[in-house]
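Chain order of the listed sequences is A and B. Residue numbers for the first sequence follow my numbering, beginning at 399 and rising by one. Residue numbers for the second sequence follow my numbering, beginning at 399 and rising by one.
There are 2 protein chains.
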Amino acid sequence: MRIESLNNSKVKEWSKLKEKKYRDQLGLFLVEGDHLLNRAILKDQVVEIISIDETLEIPGIPFYLVTKEIMKKLSCQVTSTKVIGVCQKNHEKEIMGLVCLLDNIQDPGNLGTIIRSAVAFNFNTIILSNDSVDLYNDKVIRASEGMIFDLNIVRRDIYKIVRELKTKGYKIYGTDVLKGMELKNMVFGDKTAIIIGNEGRGMCEELKLLCDEMIHISINCESLNASVAASIIFYEVDKNGSKKSK
Amino acid sequence: MRIESLNNSKVKEWSKLKEKKYRDQLGLFLVEGDHLLNRAILKDQVVEIISIDETLEIPGIPFYLVTKEIMKKLSCQVTSTKVIGVCQKNHEKEIMGLVCLLDNIQDPGNLGTIIRSAVAFNFNTIILSNDSVDLYNDKVIRASEGMIFDLNIVRRDIYKIVRELKTKGYKIYGTDVLKGMELKNMVFGDKTAIIIGNEGRGMCEELKLLCDEMIHISINCESLNASVAASIIFYEVDKNGSKKSK
C-alpha cells in the first residue's frame with residue numbers, strides 16, 4: 399500500500415509510537431533500519447513494514463510505501479532512515495538462569511548497553527524496576543544493537559521480585575562503589591542475581607539491606623559508568639561459569 | 399564583571415568555543431556545571447568563570463555575571479546550567495605507563511566513558527588517532543565525568559606512534575571480535591599498549607599487522623560496545639598489575 403499524505407491516519411498512529419504512553423497503550427513500538435528490522439523479523443515480532451524503497455518489501459508482512467517526508471516524521475534519527483518496522487512488544491517469560499536487576503536506570507544508552515552485554519555474557523533475564531527508563535525508547539533499542547529481542551526483559555516492583563528470587567534459591571548481589579567483596583575474588587553460582595543501581599546515586603540503601611552480598615570493584619576514581627560496571631560484573635560471572643564447565 | 403547583552407563580544411567569543419574549529423584555534427574549551435568546573439580548577443586549567451549566580455565567584459579567576467539568556471546561548475545542555483568554566487586545553491605529557499590507543503573512535507559518549515575507565519584502572523595515557531572524535535566535545539567531557547583532566551591524552555598519527563611505542567619496548571595488543579588470545583588467559587606487563595577500534599568496523603586491518611598480539615573476548619553475540627570492551631580489558635590489565643604487586 400502506498401501512503402503519500404502526512405495526514406493519513408496510519409501515519410498519525412505510527413507517529414504516536416514515538417511516545418511511551420501510546421507504546422504502552424498499543425503494545426507496539428518502532429525499530430529503524432535494516433539491522434534492527436532483520437533481528438525483529440527473526441523473532442516474528444514485526445507486524446508492519448514502512449519504507450521509502452519498494453524493494454524492501456518482505457512477503458507475509460504488510461508493507462507501506464511512504465514518502466521521504468513521512469519517513470522523516472516517523473524517524474528519531476538525524477540521518478535518513480529507509481525502513482521502519484512496527485513491532486509487537488516482547489512477551490515476558492519465566493525468570494531463570496543468570497539475572498540482572500536494574501534499580502532506577504535512567505539513561506537509555508546505559509540500558510541498551512547493559513542489554514547488549516547481558517546477551518554477550520549469557521545472562522537470561524533483565525528485570526527493570528518500575529522507575530527505570532522505557533525499554534522501547536529508540537535510544538535503548540539502538541544502543542542494544544537489537545539485543546532486546548534476545549533476552550527475557552521484565553518490569554517489576556524491585557523489592558517484591560528480590561524477595562521472590564530469594565525464595566527461588568537465588569543469591570542476590572548488590573553493587574557498591576565504596577565497600578563490599580572484591581569482584582575479582584568472587585565465585586558465582588548458577589542462581590546469581592546482580593543488582594545495578596541508578597547512575598547518580600547508586601542502589602537504594604533499603605535495597606542493599608535485602609542483598610546477600612555486596613560486590614565492589616577496586617578503582618582509582620569515584621565510580622564507573624553504570625553500564626561499564628554491569629558489563630565487567632557480567633564478564634566475571636560468565637568467566638566463572640565457563641571455568642566450572644571445563 | 400556583569401554582561402547583559404547577547405551581542406557582547408565576550409559572549410560571541412565564548413559561543414564560538416562550541417565549535418571544534420575555534421577550540422583548536424584558541425586552545426580553549428568550555429565545561430558546564432559545578433562538578434566539572436571544580437575538577438578543572440583543581441588542575442589549574444580555568445581561565446574564566448561565567449555564571450548567573452554571583453555567589454559562585456572564585457578568588458583569583460576572572461568572573462563574569464551573565465543573564466539567563468546568555469547562559470542558555472552558551473550551554474549545550476537541555477537543563478539549565480548555572481556555571482560554565484573557560485578552560486585551557488590539556489598539555490601533552492610524555493607517554494608512559496599503561497597506554498590505550500583509539501583507532502577512529504567516533505562516538506563522544508564512548509570516548510568519555512573510555513577515559514573514565516582508563517583513570518579507574520590506572521592507565522596513564524590515551525592516544526587518539528587523528529580521525530577520532532574531538533576530546534573537547536561537550537559530550538566527551540560529560541561522559542568522562544571530568545576525568546579528561548586526570549590523564550595524559552594526546553592526538554597522533556596512529557601508525558607512527560605504534561612504531562615509536564615498539565622502539566620504547568611496548569608490547570602492542572590489538573582487539574578483534576573474531577580471533578585472538580582469550581583475554582581471561584592473558585598476562586600483561588607494565589609496558590602494555592592496547593588498541594581499541596572503530597565502533598562499526600573495528601580496527602584497521604593494516605594496523606592489526608603491526609600488533610604483537612590480538613586480544614579476543616569470548617561472547618555470545620556479534621560484538622560488545624567499544625567502551626565496554628575497552629573497560630573490560632583495562633580491568634583485566636589492572637588486575638594483573640595488582641596481582642604482581644602482591
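No residue lacks a Cβ here, since even glycine has one placed at the ideal position from N, Cα and C.
In this structure, the beta-carbon distance from B/THR573 to B/LEU496 does not fall below 8 Å. When CB distances to chain A are screened at a threshold of 8 Å, the residues of the region 514–542 of chain B falling below it are ARG514, SER515, VAL517, ALA518, PHE519, ASN520 and ALA541, in chain order. The beta strand (DSSP E) runs lying completely inside the region 406–456 of chain B and spanning 3 residues or more are 426–430 and 444–449, given in chain order. For B/THR590, the uninterrupted beta strand (DSSP E) run begins and ends at 590–594, by DSSP. The continuous alpha helix (DSSP H) containing B/MET469 extends over residues 466–472. In the DSSP assignment, the residues bridged to B/ARG553 are B/LEU526. Close partners of A/LEU435 in chain B (Cβ separation under 7 Å) are lacking, with about 16 Å as the shortest Cβ gap.
Contact check for B/PHE519 against B/VAL444 fails: the beta carbons are separated by 8 Å or more. Collapsing the DSSP output to three states places B/MET399 in coil.
Looking at B/ASP432, B/GLU430, B/LEU428 and B/ILE593, the one whose alpha-carbon comes closest to that of B/SER530 is B/ILE593.
Note: B/GLN486 is bridge-paired with B/LEU426 in the DSSP secondary-structure output. Only residues of its own chain outside the window of five on either side were considered, and among them THR465 have a CB closer than 7 Å to the CB of B/GLU402, listed in chain order.
Proximity of A/LYS491 to chain B, defined by a Cβ-Cβ separation below 8 Å, is not satisfied. Bounds of the beta strand (DSSP E) holding A/GLU611 are 611–614. Assignment of A/PHE461 by DSSP, reduced to helix, strand and coil, places it in the strand class. If you draw a straight line from the Cα of B/LEU576 to the Cα of B/VAL429, it is about 39 Å long. Each residue's CA atom was taken as its position, placing B/ILE513 and A/GLU490 some 37 Å apart. Near chain B, meaning a CB-to-CB distance below 7 Å, the residues of the region 627–638 of chain A are SER629, ILE630, TYR633 and LYS637. The CB of A/LYS582 comes closer than 7 Å to the CB of LYS637 in chain B, given here in chain order.
A residue is called buried when at least 16 other Cβ atoms come within 10 angstroms of its Cβ; A/GLY483 meets this threshold and is buried.
Secondary structure of A/TYR633 (DSSP, three-state): helix. Closer than 8 Å to the CB of A/THR479 there is not a single CB belonging to chain B. In this structure, the straight-line span from the alpha carbon of B/PRO460 to that of A/LEU426 is close to 54 Å. Contact between the region 472–487 of chain B and the region 438–452 of chain B is present, with at least three C-beta pairs closer than 8 Å. DSSP lists no beta-bridge partner residue for B/GLY639. Burial is judged here by how many other beta carbons sit within 10 angstroms of a residue's own beta carbon; B/GLU543 has at least 16 and is buried. CA-CA distance, A/SER527 to A/LEU424, rounds to 21 Å. Against chain B, the CB of A/THR573 has no partner CB under 8 Å away; the residue lies outside that interface. The beta carbon of A/ASN508 sits closer than 6 Å to those of ALA624 and SER625, all from its chain and outside the five residues before and after it, given in chain order. Comparing alpha carbon positions, the residue from B/GLY600, B/MET584 and B/VAL552 closest to B/GLU492 is B/VAL552. Distance between A/GLY598 and B/THR477, taken at the CA atoms: about 16 Å.
Residues of chain B with a Cβ closer than 9 Å to the Cβ of A/GLY495 do not exist, since the nearest Cβ in that chain sits about 12 Å away.
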